[in-house]
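**Student:**
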Amino acid sequence: MQQIRIILDIGRPGEEKPSLDIKATSIQDAIDQSVQHFCVEGVFILTDMEGIPLNQLTFPKIKTAIMTMSPAFVARQSILKIKKATTENEKEKAINEIVKELQNQTYAREFFKTTLFPPPFNKQNIKIIKTSMRYKDSIKLMLNDKYIQELYNIMCTHEDLEIRLHAAEILNVLCISGGEIFIVYAAKVFAEKRDEYKYRSLLPMIGNTQIGATVVALLLGILKCSPEGRKSKIVMDFKYVGITEAVKKLKSYKLLVANFEKALKDDCQIINYDQRSKREWKRVEEIRQNSIQLENRIKALCLDKERALKSKEELSMILEQKKQEIIKCNEDIKFLKEHTEVRNNISITIRKLTRIELIEEIAKTNRDIELFTKEKECLLNEIEGIPKEKKKVNVNNFLEQNDKEKRKPIPRGNFISKRVPTQNFSHSKINCLCENTFNQPKIELSVYLPELKWNRIILKPDHPKCLWDLLPEKKLNISDVENSFKIEEQCSTNPVISRYKYIDLCVLRNKFPSSVSLGIDINNFYYRQITERDGKFLIDTLKGIHLNELDYSDGGKGIEGWLKPLLEIPAFQIKLKMWVESMLIENEINRITPLIQNCFKAIEVVKSSRSFKELMNIILVTGNYLNADYPSIRCADGFQIDLLIKLRETRLPQKQVSMLDFVIKIHSNPEQLIEELSISSFAKIDLNELIKDIKELILKCSSLKQIIQTQIISLPSKQQSHITEEVNTLMARVIYLRDFIIKTAKKFYQMMYWIIGIPAVAVEYNPITFFGILEQFTQQLKESLEDKTELKPSVTLINRAFTEMTRREKQVHFSDQDDLLAKVINCLKKGKIKSSILRKILN
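Residues in the sequence shown are numbered consecutively from 1, following UniProt numbering.
1) If you follow the beta strand (DSSP E) that LYS23 is part of, which residue opens it and which one closes it?
2) Rounding to the nearest angstrom, what Cα-Cα distance links VAL232 and ARG279 in this structure?
3) Could you check what DSSP says for ILE234 in three-state terms: helix, strand or coil?
4) Just the Cα atoms here: how many angstroms apart are LEU697 and GLN709?
5) Between ASP739 and GLN597, what straight-line distance do the alpha-carbon atoms span, to the nearest angstrom?
6) Rounded to the nearest angstrom, what separates LYS248 and VAL216 at their Cα positions?
7) Does the count of Cβ pairs from the segment 88-99 and the segment 52-67 closer than 8 Å reach three?
8) Taking all protein chains shown into account, do 16 or more other C-beta atoms lie within 10 angstroms of the C-beta of ALA732, making it buried, or fewer, making it exposed?
9) Taking only three categories from DSSP, how would you classify LEU54?
10) Starting from MET659, trace the alpha helix (DSSP H) both ways and give me its first and last residue.
11) When the Cα atoms are used, what is the spatial distance from GLN3 to THR25?
12) Whole angstroms is fine: what's the gap from ASP237's alpha carbon to LEU315's?
13) Keeping to the same chain, check which residues put their C-beta closer than 6 Å to that of ASN144; ignore five residues upstream and five downstream.
14) With DSSP as the reference, identify every bridge partner of ILE45, one or two as the case may be.
15) Relative to the alpha-carbon of SER609, which residue among PRO670, ASN290, ILE126 has its alpha-carbon at the smallest distance?
16) Leaving aside the five residues before and after PHE600 along the sequence, list all residues of the same chain whose C-beta is less than 6 Å from its C-beta, in chain order.
17) When the cut-off is 8 Å and only beta carbons count, does THR106 lie next to chain B?
18) Could you give the distance in angstroms between the alpha-carbon of GLN124 and the alpha-carbon of LEU171?
19) Just the Cα atoms here: how many angstroms apart are GLU588 and LEU301?
20) Looking only at C-alpha atoms, which of TRP754, LYS747, TYR625, TYR749 sits nearest to GLY638?
21) Considering Cα atoms alone, identify which of ASP693, THR209, ASN290, ILE707 is closest to ALA168.
22) Following the continuous alpha helix (DSSP H) through THR131, name the residue where it begins and the one where it ends.
23) Could you tell me the alpha carbon to alpha carbon distance between GLU162 and MET155, rounded to whole angstroms?
24) Taking Cβ to Cβ, would you say THR778 is nearer than 8 Å to SER680?
25) Among THR650, ILE773, GLU586, which residue has its Cα nearest to the Cα of GLN640?
26) Report the rounded CA-to-CA distance for residue 847 versus LYS577, giving the unit in angstroms.
27) Between the C-alpha atoms of ASN688 and VAL606, what's the straight-line distance to the nearest angstrom?
28) Using 10 angstroms around the beta-carbon of ALA108, count the other beta-carbons present and answer buried if the total reaches 16, otherwise exposed.
29) Which residue or residues does DSSP assign as beta-bridge partners of ILE4?
30) Return helix, strand or coil for ILE758, following the three-state DSSP convention.
31) Hey, would you say PHE117 sits closer than 8 Å to SER138, going by beta carbons?
32) So, for HIS166: in the same chain, excluding its five sequence neighbours on each side, which residues have a beta-carbon less than 7 Å away from its beta-carbon?
33) Taking the continuous alpha helix (DSSP H) assigned at ILE698, which residues delimit it?
34) Please say whether CYS701 and VAL734 have beta carbons closer to each other than 8 Å?
35) Would you decide whether GLN750 is buried or exposed? Buried here means 16 or more other CB atoms lie within 10 Å of its CB.
So, in structure tokens, the structure goes:
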């Protein structure tokens, strides 16, 4: 118990501070007594007169302590005030309080630990951001992909010039504080901007000012961090837009200008960049025109949509009218059926006709009447001697004379119309109607299939998918990989470039199960994240097959120049880890799937096998006969499956015939039994291990989804949704595999219960033990079938069997001992022989 004075310090500076003399045993006891006495709410701490928080060691030495609010509690309360603010004045007041409290270092340290920091960059939060940049902790939190990209987009595209200048100023501070790491971040952010207006938006900001120097430093970092295949295009854009001329205005930053001009000259791959840049800008203009046409097309489609909605309403009204008409027609048909009478002396065929068929029948009748009238007129004319007129008929541009030889007589009575035969089509040729009908030549239309080109893929700039997803998949071998390396000496004008070899990305689409394929895939993964995803890349990037073998000494060429700083970025390491983990999960799925499928098929075969059921029946019947004198075990429903491999050990005293030989002798088709049980060698799996592995896979997939939701925030929405879709697909495959394993386990234990008959014993088995027993039993069956030793009992036993059979059956005819034995076995199946005879045969 210690005597101490507590001074409450929660008011404004200059106000009177109340005090309290208490006796306390600990810091928490003193705080509780003070809170109860002063009637205050919140989280408090005790400090000495200098503001240093007390602990268990310093508390007994202090006579006077100051009780103040906890900085963490104050920080949380200030954030809650911003969230609860409903008006602009309340929000501005809460922001001013945070800016004031940020002068205190302990408050700032706790404020940076909250989820609010760094806040969104807008006009209200500029005060908080600038005040917090006095501390290193805030700058570390602001150096991330998402926040840098937000600042950069605001600096380039925001309408308010004041906010753009504030964004440029904050980027300048981050550039000075972050150093080389910030340049790498800026390069990564800018690599995702593909349109020329991003460069044009920076042009007005380049001047002899600190902001202009910041922009030039950003562009220099982009130029240095870009790979060699992309650098030439960036330099072309700089010169075409006018950035190279604007950089010369920075007279106060001579060293920066010199480094920028040197970086431009170091690129030896620029050849006729003026013509190439003009072609690129011309293509951009075409894309713009296409976008305008698409907008007009969208407007036209919207108008069509409105018209379609109106017509839909009209059609619905017409549909209702037709329904009413159909109802009325049905009522009329019902009335006609009720009032229709048929005479007995007239045979009538009544056929249900639809509305369309009824119209066709009426039209056919009218045609018959017209033809009959014409035929009647012709006959009358022949009787009266009037000459006929020869008419010319035009059929398919052919003139045909209507002569007597070509005219066919029209039958009287009911006319049967002939239909034209159906056209015959093939998949590649379209034939006309029959030649004999129209006397015309055949018409053939050839359909050509497009030729598939594997080695060249041309992408549109607005294509929704990346090149990697569009590469065709095909089966490759080592010779295909060797043939894909080509030396581009003819297309190169520089002798330095002719030394490089190129590799087709189609080869990389197939992942070979070796360390070389892993290196190729990892390097291509880096390449897709940074570059424009060109069709080919330098073979020098394949130097690092493993990450620990990369050579960082030469930083100017190949992948090593930008891979080292890239690996220092935590977000990129997370993406790489995710990619490798997904590959390992997929390999594990591919390993487990065939095992459990083979086991499931084997269970189905054993469960549906008639030969195996017959084997079980023979063993149960034989065992119950042998144990007929023991009432407790003579009515068994199942037996222990381990005894299958012990049937061979149960032999006669002469050690020539075993119980297994007896079972084979009785079985109807042992060869089929061996064939069906041979599948057991492929089904020996451990269900417990598989269930354990599938649980680990589910945990890994869950961790991947958590990484996507919490840590991967720098990818664009399309790529992030693509990664999420892949992980969801993996998760679905794992869940399906888990359900299939559970289904297989249920089916296995149902089968074991059917064999053994005792649930407690059935659950002790596993497929690895059960199918192992079946495999040994199958081998014993094969050896027994190869053994030609036959089952021949003694003479006295044959006489007893003959006596037993003649007592039950009046007439028994047999040729030899084998025939008698077969009849004994047949009687055994029918239950006509005592168990003692069978026991003597076996024992």
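Every residue gets a Cβ at the ideal spot worked out from N, C-alpha and C, and that includes glycine.
Because the structure is a prediction, the values reported are computed rather than measured.
**Tutor:** Let me spell this out:
1) 19-24
2) Here the sequence assigns Ser to residue 232, which means Val is not the residue at that position. C-alpha of SER232 to C-alpha of ARG279: approximately 15 Å in a straight line.
3) helix
4) 19 Å
5) 12 Å
6) 11 Å
7) no
8) With fewer than 16 other Cβ atoms from the protein chains shown falling within 10 Å of its own Cβ, ALA732 counts as exposed.
9) coil
10) 659-666
11) 9 Å
12) 57 Å
13) Excluding positions up to five away in sequence, the list is empty.
14) ILE45 pairs with THR68.
15) PRO670
16) THR744
17) No chain B appears in the structure shown, which is made up of a single protein chain.
18) 18 Å
19) 49 Å
20) TRP754
21) Nearest C-alpha to ALA168: THR209.
22) 126-132
23) Their backbone Cα atoms lie some 10 Å apart in a straight line.
24) yes
25) ILE773
26) This structure cannot settle anything about residue 847, because the visible part of the chain is limited to 1 through 843.
27) 21 Å
28) buried
29) DSSP lists ILE22 as the bridge partner or partners of ILE4.
30) coil
31) yes
32) ILE126
33) 687-710
34) yes
35) exposed
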